[in-house]
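Below is one structure, written out as C-alpha cells; the observations come after it.
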Amino acid sequence: MAEKKANNDPAALVLTRLVFKVLTPVFPGLMNRLAYKLWITPPRFTPPEREQVFLQRAKAGFVLVNDLKIRTWAWGEGPTILFAHGWGGRGTQACGFIDELNQAGFQVVSLDMPAHGQSDGKRTNAIEMGYAVDEVIKQIDHLHAVITHSFGGMIFAHYYNDNVALKKIVMICPPSTLNTAFNQFSETLQLSDSVKAYIIKTLKKNFGDDVVEQFSLIKNGARITQPVLIVHDEQDDVVPYQDGKDIANILQHGSFYGTKELGHRKVLYEKSVINAILEFVKS
C-alpha cells in the first residue's frame, strides 16, 4: 500500500478551506464576499531575525498615498536601487543583497507596500500598490535600477514609464499574468467555481473588463526598453518557472538566470543569485 502523504498545511488554512467547503452551498453570497475580502487582504508576517538587523540600520521615512503613510527604508549612499516586494512581503526582504550593493557604491531603497509591513492599511490592490511604487520613485534623485520580487514585478511593469531615467531592471520570480496569482490563491483555499467567478466578476466591476490584460507582464514587459534580468527557480511553488521563461522571451533586452531547489523566497538570499544581480546592475 502506498504511504499516505502527510498534510503539512497550517491549521488555520485547513480550517478556512473547511469553512468555504461547508458554508458556500448554504450562504453563497456571504462566502463570495468573504473570499473577495481575503483576496484583497495581504498577510502580514513578523520580519525574521536576519531582517531585524537591517531594520535597525535603515533610515526610515514615508510617502503619502491616498492618505496612507507608506513606510520607506534606505541603506547606504550613491545611485539608488529600488526594491519592490510582492504580495504578503515587506521591504526588508531586500536584506540579502543590501550589503553587497552598498559596498559596490549603491544606495538601496525599499518600501512596505500599502497594507504590508509598517505601512498603513488593512486591504489593498494592485492599483494602490502601483501608486506607492510610483510615489517612491518620484522621491529618488538618481534611480539606477529596480529589483522586484514576485507580484512586485507585475506592479512595476504596469506602471513602467520609459521617461524615468533607469538603467537596469531585475525581476525575481515574476508572474506573467494576474491569472497566476489568482489561480494560486484559489487553489490554496480550494475555492469553488462559483466563488472564483464572483471574484473575477468583482475585479472587472471595480477595475474594468480588461483587468487581467492591464496587469499582464507579457503585454507590459514588451514595452520595457532597458536590459532586464529575470531570475526564477525551477521549484518555485508560488509562481510557475515557465512564467519567468515566458517573460524573458518577450523582453526587448532580456536575459534569464535559472536556479534549482530554492523555491519562491530562498532565492532572495542565495549567494549565487546575489552575485548575478550585482554583476548585472554594475555592468
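Under the working numbering, the first residue of the sequence shown carries the number 7, and numbering increases by one thereafter. Cβ atoms here follow ideal geometry from the backbone N, Cα and C, with glycine treated the same way.
Residue i: CB within 7 Å of a non-hydrogen atom of the ligand GDP
i: Leu29; result: This structure lacks the ligand GDP, and indeed carries no ligand of any kind.
Presumed contact (8 Å Cβ cut-off) between residue i and residue j, rounded CB distance
i: Ala41; j: Leu197; result: 6 Å
i: Ile283; j: Val176; result: 5 Å
i: Tyr275; j: Gly102; result: 4 Å
i: Arg96; j: Pro54; result: So it is not a contact: roughly 10 Å between Cβ atoms.
i: Ser192; j: Lys202; result: 5 Å
Close-in-space but distant-in-sequence residues of the same chain around residue i (CB under 6 Å, 5 per side omitted)
i: Val287; result: Ala151, Lys174
i: Gly227; result: Ala163, Ile253, Ile256, Leu257
i: Ile236; result: Met177, Gly250, Ile253, Ala254, Phe262
i: Asp140; result: Tyr165
i: Lys210; result: Val217
i: Asp168; result: Thr231
i: Tyr247; result: His238, Glu240
i: Ala8; result: Here Ala8 scores only 39 on pLDDT, less than 50, and its place in the model should not be relied on; the value that follows carries that caveat. Nothing meets the Cβ criterion.
i: Glu106; result: Ile280, Leu284
i: Tyr204; result: Asn38
i: Lys128; result: Ala121
i: Ser222; result: Thr183
i: Ser116; result: Trp79, Phe89, Gly97, Ala100
i: Met234; result: In the sequence as presented, Met is not what sits at residue 234; that position holds Val. If we look at Val234 and ignore the five residues flanking it on each side, its Cβ neighbours are Ile175, Leu257, Gly260.
CB contact flag (residue i, residue j, <8 Å)
i: Lys43; j: Asp126; result: no
i: Asp252; j: Ile280; result: no
i: Val71; j: Tyr166; result: no
i: Ile153; j: Phe68; result: no
i: Arg56; j: Gln124; result: no
i: Thr186; j: Val245; result: yes
i: Gly94; j: Phe112; result: no
Strand pairing of residue i, partner residues [DSSP]
i: Leu117; result: Thr78
i: Leu261; result: Going by the sequence as given, residue 261 is Ser instead of Leu. According to DSSP, Ser261 bridges with Leu235.
i: Ala151; result: Ile87, Lys174
i: Val71; result: Leu74
i: Asn66; result: Per the sequence shown, the amino acid found at residue 66 is Ala instead of Asn. Paired residues: Trp79.
Cβ shell of residue i (< 7 Å), same chain only, five flanking positions each side left out
i: Ala171; result: Leu149
i: Gly92; result: His155, Ser156, Phe157, Gly158
i: Asn108; result: Trp81, Gly82, Val114
i: Ala110; result: Leu284, Lys288
i: Thr22; result: Leu195
i: Val273; result: Ile178, Cys179, Val237, Asp239, Thr265, Val279
Own chain, CB closer than 8 Å to residue i, minus 5 neighbours either side, in chain order
i: Ser200; result: Thr30, Pro34, Asn38
i: Leu24; result: none
i: Gln232; result: Leu172, Lys173, Lys174, Ile175, His259
i: Lys11; result: Confidence is the limiting factor: at Lys11 the pLDDT is only 44, short of 50, which leaves the residue's position unreliable, though a coordinate-based value still follows. Excluding sequence neighbours, Lys11 sits near nothing in its chain.
i: Ile104; result: Phe60, Trp81, Gly82, Val114
i: Leu36; result: Leu29
8 Å Cβ cutoff, residue i in contact with chain B
i: Leu209; result: In the displayed structure, chain B is absent; only one protein chain is listed.
Original post:
Quick one: any contact between the stretch 120-133 and the stretch 45-53, if contact means 3 or more CB pairs under 8 Å?
Top reply: yes
Subject >> Segment contact, 8 Å Cβ cut-off, at least three pairs: the stretch 148-162 with the stretch 128-139 >> reply: yes
Original post:
Is the stretch 176-190 touching the stretch 135-150 in the sense that three or more CB pairs, one from each, lie closer than 8 Å?
Top reply: No, they do not touch.
Original post:
With a cut-off of 8 Å, do at least 3 Cβ pairs link the stretch 241-250 to the stretch 264-274?
Top reply: yes
**OP:** Examine the Cβ distances between the stretch 204-215 and the stretch 60-77 and report whether three or more of them are shorter than 8 Å.
**Re:** no
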